[in-house]
Structure formats: C-alpha cells, structure tokens
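Here the structure is laid out as structure tokens; the discussion comes afterwards.
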C-alpha cells in the first residue's frame with residue numbers, strides 16, 4: 010500500500026469535559042482510482058481518470074481517516090464561573106494535572122507540538138483569570154494552547170456537522186458546558202454563527218441548583234431564560250416550517266423543510282437514552298432523530314429524579330448526570346422555537362471539525378466534502394483494505410443491473426435505494442479484513458458498528474444487511490427489524506439479489522464483464538453481458554451459484570443468461 014500516512018492529535022479543553030484524540034489519515038493512488046470509478050455513476054463530482062487516479066501525476070488525494078485513540082477527563086473547569094466570573098483554584102489544579110497526562114499521551118504516540126492542535130473554548134475564554142491559567146499551563150508543559158473565539162468555536166462545530174450529515178439548509182446546534190453555538194446553514198454554507206452562554210454547567214449552576222427532583226417552576230425558569238437569550242437570533246424562529254428553495258444542494262429535496270442537526274456530548278447521551286426508551290437496537294446514534302415527544306419524555310423523566318440518580322438513566326453517562334437536565338431543557342427549547350419535529354444527531358464533535366478544517370481538508374478551498382455519504386463509504390472501504398478494484402466493479406455492475414430493471418419497469422425504486430445498493434456493494438467485502446470464512450457476516454458487523462456519516466440507523470442497517478446476504482441465504486431484516494419502514498423487506502430482497510448476481514459476474518476479480526444489463530423477455534429476464542475478457546468463469550459462477558430461485562421469487566421472472 011502506498012499510503013502517505015500522517016498522525017495528529019486534537020485536544021479539546023471544554024467547560025465540562027476535556028479530551029485528547031488521535032487521528033490518522035492518508036491517501037492511496039489505487040484506492041483513489043478504484044473508488045472514484047465506482048462512484049462515477051452516483052457521484053459525478055468524484056469522477057477521475059483511471060491512470061493513477063489523479064490527473065497529471067499530482068499528489069494522491071486524502072482518501073481515508075480514522076480516530077485511533079482518545080482519553081477523556083471530566084475536568085469541569087467551568088465550575089463556579091457563572092457566579093464568580095473566574096476559574097476556581099481547584100478547577101485550574103485539575104486542569105494542570107490533566108494537561109500533564111494529555112502531554113504524555115501525545116508523546117507516547119510520537120506527536121510533537123506541530124502535530125497537536127490544542128484548543129480552549131468558552132470557560133477559559135470567558136474567565137477573568139483565563140490568561141493566568143494559560144500562563145501556568147505553558148510554564149508547566151510544552152502544549153501550545155489556542156483560545157479560539159466564539160465564532161471559530163461555532164465554525165468548527167459547523168464543519169463537523171455539515172461533513173457528517175446530509176443537511177443542506179437549516180440550523181446546527183452545538184452544545185457545551187459553558188455555551189451553545191447556533192449556525193444558520195444555507196446551501197451547506199455557514200451564514201450566521203453565534204455563541205450563547207447557555208451551556209449545561211452555566212444553566213445548572215445558575216438556575217437548577219437543587220439536589221432533589223426539579224420543580225415545575227425551575228423548568229419554566231430555564232425555558233424562559235433560553236427563550237429570552239435566543240430572541241435576537243432570527244434564523245431560528247420557525248425554521249422547521251420554512252421550505253427549502255429549489256436552488257439548494259442535493260438531498261434537501263424541493264418542498265422539504267429546513268432541518269436541525271445537534272452535536273455534543275449531551276446530544277449524544279440524550280439520543281442514546283431515547284433509543285433505549287424506544288426499544289431500538291443499539292447501533293450508534295449517528296443520524297438518529299430525537300423527536301419533540303422524546304425530548305418531552307426525557308425532560309419529564311430526568312426532572313422527576315434526584316440529581317444523583319439522573320446518571321443512572323440508561324444512555325446517560327454518570328459523569329454527565331448532574332448537568333444533563335439543563336442540556337435537555339436547552340435543546341427542547343431550541344427545537345420548540347424552531348418548530349422542528351425533532352433534532353437529528355451527529356456523533357461528530359468540535360474535535361472533528363478542527364481535524365477536518367486544519368488537517369484532512371486543509372488544502373481545499375472550503376473544508377467540505379462534496380458528498381458526505383460517498384466520502385464515508387470510500388473511507389471505510391479503504392480503511393479495511395478491500396480489493397478496491399473488485400468492489401468498485403461490483404458496485405458498477407450492480408448499478409447497471411439496477412438501472413436496467415428500473416428502466417424496464419421491473420423495479421420501482423424507493424427513495425435512496427440506489428445509493429444504499431452502491432454503498433453495500435462498495436462495502437460487501439470489508440469483513441475479509443477479519444477472515445475470508447463468513448466474511449459476509451463480518452462485513453455486516455463492521456458496517457453496523459462504523460457509524461457511517463450521512464446515513465441514519467435504518468439506512469446503515471439496510472446497507473449492512475444487503476452486504477450480509479451478498480453470498481447466500483434468504484435476506485431477512487432480523488434483529489434490525491425495529492428500525493425498518495414498510496417496504497424495507499422488499500428493498501432488502503431486491504438489492505441483495507442484485508448484489509449477489511454482480512458478485513458472481515466479478516467472481517474472477519478481473520473485471521472481465523464490462524457491462525451487465527437485465528432486459529425483460531416474455532416471462533423471463535435476459536442477462537446481457539458485454540465482455541472485457543474471458544467470460545468462462547463469470548458465466549459458470551452465475552449458472553451454478555447465482556440463485557435464480559431467489560431472482561424469480563423477488564422479481565417474479567426467471568433469469569436467463571444471454
């Protein structure tokens with residue numbers, strides 16, 4: 010592999026929690042060529058010349074990235090700030106101890122100061138003695154800590170959210186311990202970035218001080234405070250009822266309303282709790298939508314408990330239990346003001362925004378993926394070092410057959426179905442990184458666990474199940490049925506049969522079948538192949554293992570090989 014690998018760390022010094030996260034990223038010429046060709050029919054922006062994958066022998070593009078390690082500490086450096094305006098001596102002491110650990114952590118990974126991005130946010134920025142703490146930190150260690158402005162904090166949050174969701178128009182909400190950030194997004198570009206002192210630690214210390222269950226008047230006081238603070242942010246009012254214009258980028262279809270995407274530890278915790286309350290399988294919260302009804306139920310549940318017991322609610326981390334009600338109330342009020350049906354969750358964070366903006370996408374005019382879903386699928390396929398020319402060709406053959414079936418009226422595609430098939434085809438062999446034996450089952454597990462950006466839990470489940478059945482067996486939703494919508498069983502049947510057929514046509518892994526089309530012929534369907542090489546092996550594989558019974562069951566016609 011000709012990976013040009015770089016390793017960096019991002020340290021996020023928030024008002025509540027601190028994290029040090031290590032990322033690796035790189036490029037691969039062969040991978041870039043293969044995945045670009047695989048995406049050509051669905052992602053025109055990613056078409057590339059085959060020769061080397063990049064024009065003119067330029068440096069290979071950055072293709073893959075991953076988080077490889079992290080450590081976490083609840084420093085709570087913002088404790089007491091709302092009342093005193095200062096960082097407490099105890100908080101600064103905890104901070105200096107944690108920075109020493111973080112510095113050693115980075116050194117253990119071989120990361121010098123030039124490979125570490127350490128950023129401090131609301132609490133250190135706003136405290137009257139913040140500079141005193143920074144001087145002590147610099148004197149004690151070698152980390153170069155940058156205090157980012159409230160606008161930069163919002164911008165990094167925007168970069169993280171927009172590169173992990175398919176939102177084109179709406180609001181990004183980033184929650185923190187000291188502040189929240191709201192970003193108005195139009196056609197995927199940030200237009201109005203604002204920070205508000207409505208973080209969970211501040212709200213808890215200022216308005217929710219008791220240790221017992223919260224009283225109704227306490228909840229009303231918090232909601233009124235949030236409404237008042239956000240009254241001068243016009244883009245939020247009624248945003249969920251505004252219709253997206255015709256000029257917006259793909260996936261916010263004309264006629265659709267604006268969306269809100271939420272990020273931060275509190276959002277992730279509340280989403281995990283909502284998933285459990287809804288008895289949904291735990292496959293991560295990326296893309297999960299916390300509805301207004303779920304938020305109301307969570308607020309009611311949390312408010313009825315003493316502070317010490319809120320961290321025991323399934324999905325809520327113990328270290329966040331004492332401030333989670335404040336977060337839930339702020340999020341609920343934001344959703345209410347925007348008249349949104351719910352808030353879409355991203356697992357991305359400010360740390361990811363810093364990494365993308367300052368490292369992975371730093372050479373781009375703007376730190377934005379052209380296609381979030383495509384980038385996520387390519388990233389996973391490259392990470393697990395699948396036979397990329399092979400999976401790319403399987404994806405191409407799958408789409409050719411899908412399109413020919415749809416064109417013949419033998420398939421009525423559901424919204425997004427074609428892209429789910431493409432993603433499953435690109436990822437169907439990732440399980441081979443574990444073992445060839447049962448690799449279809451390993452692929453299922455890896456896809457479900459990956460948290461693919463831009464896809465919601467239902468879509469990830471379908472991609473995983475389509476991949477799971479690319480070899481054999483009658484496709485079933487199984488344990489993921491709780492996520493399904495009406496018609497998903499039929500979608501799974503169709504896509505798994507098409508992918509299975511494409512896999513057999515590429516059995517030799519040599520791209521000998523250039524093109525495959527399916528055409529109605531009386532009561533059957535003819536498979537027409539255009540050769541780029543010897544077709545002995547693909548014909549044999551289809552005839553022997555192509556499962557024409559499954560094809561006839563799903564499409565109601567016999568498969569005939571032309």
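In this note's numbering, the protein residues as written are 10 to 571.
Here a beta-carbon is modelled for each residue, glycine too, at the ideal position from N, C-alpha and C.
Exercise for review: Measuring only between beta-carbons, confirm whether residue 362 sits less than 8 Å from chain D.
Suggested key: The structure shown contains no chain D; it holds only a single protein chain.
Check your understanding: How do the region 416-423 and the region 512-529 stand: do at least 3 beta-carbon pairs fall below 8 Å, yes or no?
Key -> With contact defined as three or more Cβ pairs closer than 8 Å, the region 416-423 and the region 512-529 are in contact.
Check your understanding: Between residue 511 and residue 434, which are expected to be in contact by the criterion C-beta below 8 Å, what is the C-beta distance as a whole number of angstroms?
Key -> 7 Å
Point to revise | Cβ-Cβ distance between residue 187 and residue 131 below 8 Å | key: yes
Check your understanding: Leaving out the 5 sequence neighbours to the left and right, which residues in its chain are closer than 6 Å to residue 200 when beta-carbon positions are compared?
Key -> 193
**Study point:** Closest residue to residue 185 among 343, 272, 266, 521 (Cα-Cα distance)
**Key:** For residue 185, the closest alpha carbon among the candidates 343, 272, 266, 521 is that of 272.
Review point. Going by alpha carbons, who is nearest to residue 480 out of 470, 446, 135, 469?
Key: Considering only alpha carbons, the answer is 446.
Check your understanding: Any idea if residue 9 is buried or exposed, counting beta-carbon neighbours within 10 angstroms, 16 or more meaning buried?
Key -> The structure shown does not extend to residue 9, since the chain spans only 10 to 571, so no value can be given for it.
Check your understanding: Can we say the region 298-312 touches the region 384-399, given the rule of at least three CB pairs closer than 8 Å?
Key -> no
Practice item. Please confirm whether residue 506 and residue 514 have their CB atoms less than 8 Å apart. Key: no
Exercise for review: Over the uninterrupted beta strand (DSSP E) stretch that includes residue 456, give me the two end residues.
Suggested key: Per DSSP, residue 456 belongs to no beta strand (DSSP E); it is in the alpha helix (DSSP H), 448-459.
Review point. With a Cβ-Cβ cutoff of 8 Å, do residue 347 and residue 247 count as a contact?
Key: Result yes, Cβ atoms of residue 347 and residue 247 sit closer than 8 Å.
Check your understanding: Alpha carbon to alpha carbon, what distance is there between residue 535 and residue 436?
Key -> 27 Å
Check your understanding: With respect to the beta strand (DSSP E) encompassing residue 321, which residues constitute its N-terminal and C-terminal limits?
Key -> Unbroken run through residue 321: none, as it is neither H nor E.
**Study point:** residue 167 in three-state terms, based on DSSP
**Key:** helix
**Study point:** Straight-line gap, residue 337 to residue 94 (C-alpha atoms, nearest Å)
**Key:** 24 Å
Practice item. Tell whether a beta-carbon distance below 8 Å holds between residue 429 and residue 439. Key: In this structure, residue 439 does not lie closer than 8 Å to residue 429 by Cβ.
Exercise for review: Compute the beta-carbon to beta-carbon distance between residue 279 and residue 340, rounded to the nearest angstrom, for a pair I have assumed lies under 8 Å.
Suggested key: 7 Å
Practice item. With DSSP as the reference, label residue 272 as helix, strand or coil. Key: Three-state result, residue 272: strand.
Exercise for review: Using alpha carbons as the reference points, say which of 266, 236, 242, 205 lies closest to residue 249.
Suggested key: 266
Check your understanding: For residue 464, which three-state DSSP category applies?
Key -> coil
**Study point:** DSSP three-state assignment for residue 444, whether helix, strand or coil
**Key:** coil
**Study point:** residue 526, enclosing beta strand (DSSP E) - first and last residue
**Key:** 522-530
Exercise for review: Kindly indicate which three-state DSSP category residue 556 falls into: helix, strand or coil?
Suggested key: coil
Review point. Tell me which same chain residues have a C-beta within less than 6 Å of the C-beta of residue 16, skipping the five on either side of it?
Key: Counting only Cβ-Cβ distances below 6 Å, and skipping sequence neighbours, we find 33.
Check your understanding: CA-CA distance, residue 182 and residue 554?
Key -> Cα to Cα, the separation comes out at about 50 Å.
Check your understanding: When we look at the beta-carbon of residue 85 and count the other beta-carbons within 10 Å, is it buried (16 or more) or exposed?
Key -> buried
Check your understanding: DSSP puts residue 507 in a beta bridge; with which residues?
Key -> Paired residues: none, contrary to the question.
Review point. Cβ atoms of residue 357 and residue 169: under 8 Å apart, would you say?
Key: yes
Check your understanding: How many angstroms separate the CA atom of residue 231 from the CA atom of residue 274?
Key -> Looking at the two C-alpha atoms, the distance is approximately 20 Å.
Point to revise | Residue burial classification, residue 25 (beta-carbon count within 10 angstroms, cutoff 16) | key: Burial is judged here by how many other beta carbons sit within 10 angstroms of a residue's own beta carbon; residue 25 has at least 16 and is buried.
Check your understanding: Where does the unbroken beta strand (DSSP E) through residue 204 begin, and where does it stop?
Key -> 198-205
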